[in-house]
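Protein sequence lines, in the order shown, are assigned to chains B and L. Going by my numbering, the first sequence opens with residue 20, and the numbers climb by one from there. Going by my numbering, the second sequence opens with residue 20, and the numbers climb by one from there. This report refers to the structure that appears directly beneath it.
Number of protein chains: 2
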Amino acid sequence: MKYIHSSKNPQVKQWKKLHTKKERENSGTFLVEGFHLVEEALKIEDMVLELIVSEEVEIPPRIDYGSVSMTQINKEVVKELAETETSQGIFAVCKQPKHKQVDATSYLLLDAVQDPGNLGTIIRTADAAGIDAIVVGNGSVDIYNSKVLRSAQGSHFHLPIIRGDLFEWIEKLKSDGIPIYGTSLDNGIVFTEVEPTPSYALIVGNEGNGIQTDLLNETTKNLYIPIFGKSESLNVAVATGILLYYFKKI
Amino acid sequence: MKYIHSSKNPQVKQWKKLHTKKERENSGTFLVEGFHLVEEALKIEDMVLELIVSEEVEIPPRIDYGSVSMTQINKEVVKELAETETSQGIFAVCKQPKHKQVDATSYLLLDAVQDPGNLGTIIRTADAAGIDAIVVGNGSVDIYNSKVLRSAQGSHFHLPIIRGDLFEWIEKLKSDGIPIYGTSLDNGIVFTEVEPTPSYALIVGNEGNGIQTDLLNETTKNLYIPIFGKSESLNVAVATGILLYYFKKI
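Next comes the structure, spelled out in structure tokens:
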């Protein structure tokens with residue numbers, strides 16, 4: 020085990036760089052914080068490259084970290100790395116998975132979801148609803164942003180989340196015969212008019228502007244959720260939950 | 020019109036106190052920020068006690084503020100009052116409505132919802148789903164917290180939100196013959212086993228612990244939303260949306 024007890028250590032600076040999207044992309048890695056996320060990451064083979072643990076933390080026996088290399092740090096370094104107010108003092112450097120091919124029948128496509136809390140909650144909701152794969156288009160917040168990771172509560176490690184061009188994905192899904200449903204406040208049909216099928220793709224969009232028009236023009240159908248009261252719209256994560264659970268046809 | 024151009028003015032200190040729950044309760048008022056919330060507040064008669072507007076802001080003609088008193092402030096005071104990063108420079112002091120009696124058939128009851136973003140999103144969702152009244156029990160974050168107000172996007176002004184004792188409310192609703200559905204991860208039936216009726220009350224609970232057991236024992240039935248993937252639970256606002264829209268039976 021290595022020991023790093025100074026926040027000036029170059030390794031600490033290197034880890035801290037993983038708070039930025041640029042460094043995450045350059046290195047193909049990301050940093051998770053807290054027992055729950057670290058445990059979820061460790062369940063996936065070859066996901067965790069390195070564990071970073073406070074000297075004040077005792078790792079409970081239930082956590083099997085195998086031969087993953089571990090560095091012990093002190094309070095000062097914890098403070099430097101933490102992105103939560105009361106850090107649990109445990110971190111993991113993880114490898115960004117590459118998903119060249121996915122074997123999926125249900126998809127959630129995201130067009131420019133910008134709030135990290137919303138993106139994380141959407142990922143958690145898609146996981147709960149049994150969606151097979153998520154495709155995140157351009158203009159969305161980085162999926163490995165620490166707030167996205169926290170809000171998703173480990174769902175990053177449960178289903179493939181692919182960054183890709185939504186136009187290309189729609190073309191591919193169409194050629195596979197998968198119906199693609201957009202969501203729109205202005206045009207479209209009430210979502211309950213669609214008969215749910217196990218294989219489908221749903222697109223949800225930006226918090227303020229919804230899905231870009233060019234994408235809406237490429238879908239099989241566009242759906243809306245009726246508003247019965249006086250609010251103007253639903254939060255995008257809430258809307259996603261309503262639609263995905265409707266499609267489960269419980 | 021009054022002018023206040025120093026953040027040291029005692030009136031500014033008084034307004035700033037409305038950032039605290041204690042002062043909001045003592046005064047029976049609360050502060051909203053931004054064009055959208057101020058406009059929604061002004062639509063309700065006698066809701067706005069006072070407008071506070073930056074000298075850099077021009078109030079568009081669509082906003083009818085009638086005879087509401089207005090104070091002009093400068094950048095320095097805006098900075099002092101603002102709770103958003105980029106303030107729109109418009110604020111309103113509002114009166115906390117008193118709802119002794121409500122004329123409602125559908126209710127949402129909240130047991131110790133603690134995250135302001137969640138509480139606001141739940142209020143917005145209940146509004147969208149056409150819920151008639153919300154009852155907020157003890158242990159929840161203050162409904163007039165600025166983050167709750169922002170997340171609810173004006174729904175505070177669309178339906179009665181009552182602070183009350185949930186045990187008393189359940190007793191009252193039961194004696195009115197209204198079915199009360201709790202939500203629980205462990206016990207209960209799949210929500211789709213309940214036949215939706217226009218008159219009902221749904222209870223949702225704390226982010227970590229759910230609804231307290233003593234309340235679950237008082238309900239007509241307790242419902243759960245099945246989890247199909249590997250996430251442990253749904254976000255409480257997302258779960259609320261799924262259930263309220265199921266009960267709309269669209």
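Every residue, glycine too, gets a C-beta built ideally from N, C-alpha and C. Here the structure is a predicted model, which is why all the values come from computation and not from measurement.
Looking only at its chain, what residues have a beta carbon closer than 7 angstroms to the beta carbon of residue i, apart from the 5 residues adjacent to it on each side?
| i | result |
| --- | --- |
| B:Thr-144 | Ala-256, Thr-259, Gly-260, Leu-263 |
| B:Phe-54 | Gln-107, Ile-109 |
| L:Glu-99 | Ser-26, Val-31, Lys-35 |
| L:Leu-56 | Leu-168, Gly-173 |
| L:Asn-23 | As written in the sequence, residue 23 of chain L is Ile, which differs from the Asn given in the question. If we look at L:Ile-23 and ignore the five residues flanking it on each side, its Cβ neighbours are Gln-30, Val-31, Thr-90, Ile-92, Val-96. |
| L:Asp-146 | Ser-174, His-177, Leu-178 |
Return no unless some Cβ of chain B is closer than 8 angstroms to the Cβ of residue i.
| i | result |
| --- | --- |
| L:Lys-240 | no |
| L:Ile-162 | no |
| L:Ala-148 | yes |
| L:Ala-152 | no |
| L:Val-121 | no |
| L:Tyr-126 | no |
| L:Pro-245 | yes |
| L:Ile-269 | yes |
| L:Thr-211 | yes |
| L:Ile-261 | yes |
Let me see if you follow: with CB-CB separation under 8 angstroms, is residue i close to chain L or not?
| i | result |
| --- | --- |
| B:Lys-32 | no |
| B:Gln-107 | no |
| B:Asn-264 | Note on residue identity: the sequence assigns Tyr, not Asn, to residue 264 of chain B. It does: the Cβ of B:Tyr-264 has a partner Cβ on chain L nearer than 8 angstroms. |
Hey, would you say residue i sits closer than 8 angstroms to residue j, going by beta carbons?
| i | j | result |
| --- | --- | --- |
| L:Ser-125 | L:Ile-141 | no |
| L:Lys-193 | L:Ile-199 | yes |
| L:Lys-114 | L:Thr-216 | no |
| B:His-118 | L:Lys-249 | no |
| B:Glu-58 | B:Ile-82 | yes |
| L:Ser-165 | L:Ile-197 | no |
| L:Ala-101 | L:Ala-123 | no |
| L:Val-72 | L:Ile-63 | no |
| L:Gly-136 | L:Val-154 | no |
| L:Lys-267 | B:Phe-247 | yes |
| L:Glu-226 | L:Gln-133 | yes |
| B:Val-121 | B:Glu-69 | no |
| B:Leu-128 | B:Gly-156 | yes |
| L:Gly-221 | L:Ser-252 | Looking at the sequence itself, residue 221 of chain L is Leu, so the reference to Gly does not match. Against a cut-off of 8 angstroms, the Cβ pair of L:Ser-252 and L:Leu-221 comes out as no contact. |
| L:Tyr-84 | L:Leu-50 | no |
| L:Asp-130 | L:Gln-33 | no |
| B:Glu-52 | B:Thr-103 | yes |
Give every residue of the same chain whose Cβ lies closer than 6 angstroms to the Cβ of residue i, excluding the five residues on either side of it in the sequence, and list them in chain order.
| i | result |
| --- | --- |
| B:Lys-21 | Thr-90 |
| B:Glu-74 | Gln-91, Asn-93 |
| L:Thr-202 | Val-223, Leu-242 |
| B:Ser-170 | Gly-136, Gly-139, Thr-140 |
Leaving out the 5 sequence neighbours to the left and right, which residues in its chain are closer than 8 angstroms to residue i when beta-carbon positions are compared?
| i | result |
| --- | --- |
| L:Asn-228 | Ala-131 |
* Could you tell me whether the stretch 88–95 of chain B touches the stretch 181–196 of chain B, where touching means 3 or more Cβ pairs closer than 8 angstroms? => Flag = no, the stretch 88–95 of chain B and the stretch 181–196 of chain B do not touch.
* Got a sec: which bits of the stretch 131–145 of chain L sit with their beta carbon under 8 angstroms from any beta carbon on chain B, in order along the chain? -> Of all residues in the stretch 131–145 of chain L, the ones placed with a Cβ closer than 8 angstroms to any Cβ belonging to chain B are Gly-136, Thr-140, Arg-143, Thr-144, Ala-145, in chain order.
* May I ask you to verify whether the stretch 233–247 of chain L touches the stretch 155–170 of chain B, counting CB pairs closer than 8 angstroms and requiring at least 3? => The stretch 233–247 of chain L is not in contact with the stretch 155–170 of chain B.
* Quick one: any contact between the stretch 237–251 of chain B and the stretch 210–218 of chain B, if contact means 3 or more CB pairs under 8 angstroms? -> At 8 angstroms Cβ cutoff, the stretches touch.
* Between the stretch 178–190 of chain B and chain L, which residues of the former have CB atoms less than 9 angstroms from a CB of the latter, in chain order? -> Going along the stretch 178–190 of chain B in chain order, one finds Leu-178 with a Cβ nearer than 9 angstroms to chain L.
* **Residues, ordered as in the chain, of the stretch 164–175 of chain L that lie near chain B by beta-carbon distance below 9 angstroms** => Taking 9 angstroms as the upper bound on Cβ-Cβ separation, chain B lies near residues Ser-170, Ala-171, Gln-172, Gly-173, Ser-174 of the stretch 164–175 of chain L.
* **Proximal residues, the stretch 248–259 of chain L versus chain B, C-beta separation under 9 angstroms** => Under the 9 angstroms Cβ criterion, the stretch 248–259 of chain L contributes Gly-248, Lys-249, Ser-250, Glu-251, Ser-252, Leu-253, Asn-254, Ala-256, Val-257, Ala-258, Thr-259.
* Asked: For the stretch 33–53 of chain L, which residues have a beta carbon sitting closer than 7 angstroms to at least one beta carbon of chain B?
  -> Residues of the stretch 33–53 of chain L whose Cβ lies closer than 7 angstroms to any Cβ of chain B: none.
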